[in-house]
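*Asks:*
There are 2 protein chains.
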Amino acid sequence: MSQTTDTRRRLVAAAQELFAARGVGATSPRQVLAASGVGQGSLYHHFPTKHDLTLAAVGATVDDALTSTLRVLAADAPVVERVVAYLERPRDALAGCKVGRLTSDQAVMDDAEVRTVVGLYFTRLVDAVARVVAESGLPVDDARDRAHAAVAVIQGGYVLARATGDPEAMRSAVRGFVTLLRSETAR
Amino acid sequence: MSQTTDTRRRLVAAAQELFAARGVGATSPRQVLAASGVGQGSLYHHFPTKHDLTLAAVGATVDDALTSTLRVLAADAPVVERVVAYLERPRDALAGCKVGRLTSDQAVMDDAEVRTVVGLYFTRLVDAVARVVAESGLPVDDARDRAHAAVAVIQGGYVLARATGDPEAMRSAVRGFVTLLRSETAR
DNA sequence: GTCTATACAACGATAGAC
DNA sequence: GTCTATCGTTGTATAGAC
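Chains as they are written, first to last, in the numbering used here: chain A, 1 to 187; chain B, 1001 to 1187.
1) When the distance is taken between beta carbons, is ALA15/A closer than 9 Å to THR54/A?
2) Which class does PRO90/A belong to by DSSP, given the choice of helix, strand or coil?
3) From the DSSP output, in three-state form, read off LEU1043/B for me.
4) Residues of chain A with CB under 7 Å from HIS1148/B, in chain order?
5) Mind reading off the beta-carbon distance from PRO1029/B to LEU1043/B? Whole number of angstroms is fine, and I expect it under 8 Å.
6) Give a yes or no on whether the C-beta atoms belonging to VAL1178/B and VAL1132/B are separated by under 9 Å.
7) Against chain B, with Cβ distances strictly below 9 Å, would PHE122/A count as a contact?
8) Could you give the DSSP three-state label for ASP1105/B: helix, strand or coil?
9) Taking three-plus beta-carbon pairs below 8 Å as touching, is the stretch 1143–1156 of chain B in contact with the stretch 83–99 of chain A?
10) Identify which residue in ALA1186/B, THR1005/B, LEU1011/B and THR1027/B has its Cα closest to the Cα of GLN106/A.
11) Should ALA93/A be flagged as near chain B, meaning a C-beta pair shorter than 9 Å?
12) Which value, in whole angstroms, describes the spacing of the CA atoms of MET1/A and GLN31/A?
13) Cα-Cα, which of VAL1012/B, ALA1161/B and THR1116/B is closest to ALA1060/B?
14) Is ASP141/A helix, strand or coil by DSSP?
15) Pick helix, strand or coil for MET1/A, following the three-state DSSP scheme.
16) Is the CB of LEU1181/B under 9 Å away from at least one CB in chain A?
17) The ligand GTP and VAL1132/B: does any heavy atom of the ligand fall closer than 8 Å to the residue's C-beta?
18) Going along the chain, which residues of the stretch 77–107 of chain A sit with their C-beta nearer than 9 Å to a C-beta in chain B?
19) Of all Cβ atoms in chain A, is any one closer than 9 Å to the Cβ of GLU1135/B?
20) If you draw a straight line from the alpha carbon of HIS1051/B to that of VAL1108/B, how long is it in whole angstroms?
21) Strictly under 9 Å for the Cβ-Cβ distance: is VAL126/A near chain B by that measure?
22) Name the chain A residues that come within less than 8 Å of THR1069/B, Cβ to Cβ?
23) Does any C-beta atom of chain A lie closer than 9 Å to the C-beta of THR1005/B?
24) Quick check on the DSSP output: the alpha helix (DSSP H) that includes ALA169/A runs from which residue to which?
25) Under 6 Å Cβ to Cβ from ARG22/A, same chain only, skipping five residues before and after it: list those, please.
26) Let's test the definition: count the other Cβ atoms within 10 Å of the Cβ of VAL174/A and tell me whether it reaches 16, buried, or not, exposed.
27) Would you say ALA35/A faces chain B, with C-beta separation under 9 Å as the test?
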């Protein structure tokens, strides 16, 4: 593995962490430098502008998140339980969703390319959940509505937990939704 | 009405608009000046620091939002329909929630006083929805879970709509949740 | 209370030596 | 590919006249 590649990775990894903790707009290239331990010249060699660094870091974060979520949804279990497994997955509620938080980050929304990457994450996530729900035999449109609601409960759970400073808010929202989901199935 | 009060109001109104459109961290005192038409000296006379201006503007936005939502929840209708009325309320989904978006705004989360105001908004909102749900006779804990889920669906709906650039994502999430809510009631 | 002018740090980015 | 030094701009805030 070349040194080039290694430096690049350290920069991207440092950017991913800082973006997750403080957002893109509130993170400066200088902070990424300090966190990664590389020099200023190196950063601008690998990533000429902040846009380039942001695209690489957000792209990596989106890939990681999608991969691990799709694995949970593909488990060998009844349809409802696979959706419930997604919903009840352990999460750092107070940290917020690494991807979802970017939708109110002006530095992201002002950058068409990065915004597209964030949009694709949610499109694919909702599609994956909808496919699972549709296995139950529910009409496709209804399955998509359920999928949107499920993903929204998680994203909103993050907002509630962060706003109140209480991770229990996320768990309460999930419990409320799962109860409704199961009560329907049990009918 | 004194000129002092009027200048103050124009500053707060301009700050509210800019904060709603671009967030607190991404809005500078200079932009507030330009939008309000007042001079630099005036701003710093009424609000010595950005913190002071932020607290006033966010406080006003929270008050407005809470007041109008509580009115919807107090309508004269069956319990489930009052919750549905809150859920189906017309919203500018692509703009995001003026309050919810602040939970991923670093300038807000770094300011303990402002953060508290945002937290209280959601605490009160969830409490209000939970009280309505509890009128149905559901145990209090279950009512609170439903309320958290309902508010989360809306907040998550904003995230989905903004991420995908499609307001239909919010409507789909709401439809999915309302269907589950009504199916339970109809049992 | 409001104005103009200014201070000082941090921002994103570039220059040019090695 | 990486370094140190520096650029021009904007951020938040202050000074002092009116």
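Even glycine gets a Cβ: it sits at the ideal position worked out from N, Cα and C.
*Replies:* So, to answer that:
1) yes
2) coil
3) helix
4) LEU160, ALA169, SER172, ALA173 and GLY176
5) 6 Å
6) no
7) yes
8) coil
9) no
10) THR1027/B
11) no
12) Confidence in MET1/A is poor, its pLDDT being 48 and thus under 50, which makes the residue's placement too unreliable to answer from.
13) VAL1012/B
14) Helix, per DSSP.
15) Any answer about MET1/A is weak, because its pLDDT of 48 lies below 50 and its placement is not dependable; what the coordinates show is given next. Note: MET1/A maps to coil in three-state DSSP.
16) So, interface residue.
17) For the structure depicted, the ligand GTP is absent and the ligand set is empty, with no information on it obtainable.
18) Against chain B - using a Cβ distance shorter than 9 Å - the residues of the stretch 77–107 of chain A are GLY96, CYS97, VAL99, GLY100, ARG101, LEU102, THR103, SER104, ASP105, GLN106 and ALA107.
19) No - not a single Cβ of chain A is within 9 Å of the one on GLU1135/B.
20) Rounded to whole angstroms, HIS1051/B to VAL1108/B spans 9 Å at the Cα level.
21) yes
22) Neighbourhood of THR1069/B in chain A, by CB distance below 8 Å: empty, with the nearest CB roughly 15 Å away.
23) Output row for THR1005/B: interface = no.
24) 168–186
25) none
26) buried
27) no
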